[in-house]
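Notes to accompany the following structure.
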Amino acid sequence: MPVVTSFGGTVELHGHRGARGLRPENTLPGFAHAVEIGVHAVELDVGLTADGVVVLNHDQVLSAANLADTGPATPDDPLYPYVGRAIGELTLAQVRTVDAGSRPPAAFAATQRPAPGTPPPTLAEACALLGAAGVDLAVELKTDPGWPVAAVAEFTAAVAGVLDGAGLTGRARLLAFDWRVLVAARACAPGLGRVALAERKTLAPGTAWLAGLPPEAPAEAALAIGATALSPERHLVTPELVLTAQALGLPVAVWTVNDPGEMAALVDLGVDAIVTDYPDRLRAVLSEYGLPLPAPVRVPAFS
1 MPVVTSFGGT
11 VELHGHRGAR
21 GLRPENTLPG
31 FAHAVEIGVH
41 AVELDVGLTA
51 DGVVVLNHDQ
61 VLSAANLADT
71 GPATPDDPLY
81 PYVGRAIGEL
91 TLAQVRTVDA
101 GSRPPAAFAA
111 TQRPAPGTPP
121 PTLAEACALL
131 GAAGVDLAVE
141 LKTDPGWPVA
151 AVAEFTAAVA
161 GVLDGAGLTG
171 RARLLAFDWR
181 VLVAARACAP
191 GLGRVALAER
201 KTLAPGTAWL
211 AGLPPEAPAE
221 AALAIGATAL
231 SPERHLVTPE
241 LVLTAQALGL
251 PVAVWTVNDP
261 GEMAALVDLG
271 VDAIVTDYPD
281 RLRAVLSEYG
291 LPLPAPVRVP
301 AFS
């Protein structure tokens, strides 16, 4: 039987960092491959450069796990090499010299096809590609409880501004482990969805991640902070959590699930969305359930 969910249809397929198991994460070639497979939404991660540009990268720091330096932006740049530095230390010109397509993380070395010479894109560039493809954007803001409140608000407003400028406010949601982002988003961009991310670390006793709320009842806390959806890591998902969240009107999007058997178990549990590094695997599972699938969209520039 088809599973009716809170997102208004069936179980949604969200490509994690694009299609991280198949193409380089948080890159335009990766996003193009995800939409050509067919996804409802693409999850991506953003940071803010020293000159105020929203760019894509998973961590606050440029990581050698998936990035490689190619050369300085200017001769004798004292900040070079850039890999290992925080995005907030670097300008867009410096970040754009980094190769984000040649170094698959070890966990995906056997399945990820490299795209050498691919720079980290800006959020505006990602919006142009994904907006034209007609898929939703799930934009995770990388902050932590050590950030000043003003910095969180500035970053949130910058991201919201890019989405609004691209005309994608109605098709985008902001995701954060640092729930102060959700507070800031509710104030500056109430039209955006607000997704409360949760993992074991952020729900530990005495946590500083939940903007002062207690971690014992994450669904209730997410509702109190103004979230419009709850996104727990897969290890946290129980029937009780799903039922509680959905009873409060919060769709449940589970991350990151790559095993087809686990995908099927989550469909049976009635979750609203599954985030995966392998959209092709999840499509196969959803097809077995007879659930509607998102249409593949060809992206000529990357085909």
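According to UniProt numbering, the sequence shown is numbered sequentially starting from 1. In this text, a Cβ means the ideal position worked out from N, Cα and C, and glycines have one as well. Since we're looking at a predicted model, the values are computed, not measured.
For residue i, the nearest candidate out of the options (CA to CA)
i, options, result
"Leu-197", "Ala-160, His-235, Leu-168", "His-235"
"Thr-111", "Val-271, Arg-20, Asp-268", "Arg-20"
"Ala-126", "Val-152, Gln-94, Arg-85, Val-46", "Val-46"
"Glu-233", "Thr-207, Val-98, Asn-258", "Asn-258"
"Pro-42", "Tyr-289, Glu-262, Trp-255, Ala-264", "A small fix is needed here, since residue 42 is Val in this sequence, not Pro. Selected option, being the one with the closest Cα: Trp-255."
"Leu-84", "Leu-92, Arg-96, Ala-64", "Correcting the residue type first, residue 84 is Gly in the shown sequence and not Leu. Of the listed residues, the one whose Cα sits closest to Gly-84 is Ala-64."
"Pro-148", "Arg-173, Gly-170, Gly-161, Arg-180", "Arg-180"
Proximity of residue i and residue j at Cβ, strictly below 9 Å
i, j, result
"Ser-231", "Leu-175", "yes"
"Pro-24", "Ala-115", "yes"
"Ala-124", "Ala-166", "yes"
"Ala-138", "Val-195", "yes"
"Leu-182", "Ala-227", "yes"
"Asn-66", "Pro-119", "no"
"Leu-241", "Ile-225", "no"
"residue 305", "Asp-136", "In this structure the chain extends from 1 to 303, so residue 305 is not present and cannot be described."
"Glu-89", "Ala-153", "no"
"Gln-60", "Tyr-80", "no"
"Gly-249", "Ala-158", "no"
"Leu-56", "Tyr-82", "no"
"Thr-10", "Pro-205", "no"
"Arg-173", "Gly-146", "no"
CA-to-CA distance, residue j to residue i, given in whole angstroms
i, j, result
"Arg-283", "Leu-13", "8 Å"
"Pro-215", "Ala-301", "45 Å"
"Glu-140", "Thr-74", "31 Å"
"Val-252", "Pro-78", "46 Å"
"His-16", "Pro-72", "30 Å"
"Arg-281", "Ala-34", "12 Å"
"Val-297", "Ile-37", "7 Å"
"Leu-210", "Ala-219", "12 Å"
"residue 310", "Gly-131", "In the structure as shown, the chain begins at 1 and stops at 303. Residue 310 is therefore absent and cannot be evaluated."
"Ala-68", "Val-98", "6 Å"
"Gly-18", "Asn-26", "6 Å"
"Phe-31", "Ala-273", "18 Å"
Cutoff 9 Å: residue i Cβ touching any chain C Cβ
i, result
"Leu-129", "Chain labels in this structure do not include chain C; a single protein chain is all it has."
Strand pairing of residue i, partner residues [DSSP]
i, result
"Trp-255", "Glu-233"
"Arg-194", "Leu-174"
"Ala-273", "Glu-12, Ala-253"
"Gly-47", "Val-55"
"Glu-140", "Asp-45, Leu-175"
"Val-149", "DSSP, once it has assigned bridges, lists no residue as partnering Val-149."
"Asp-99", "Ala-68"
"Ala-86", "Val-61"
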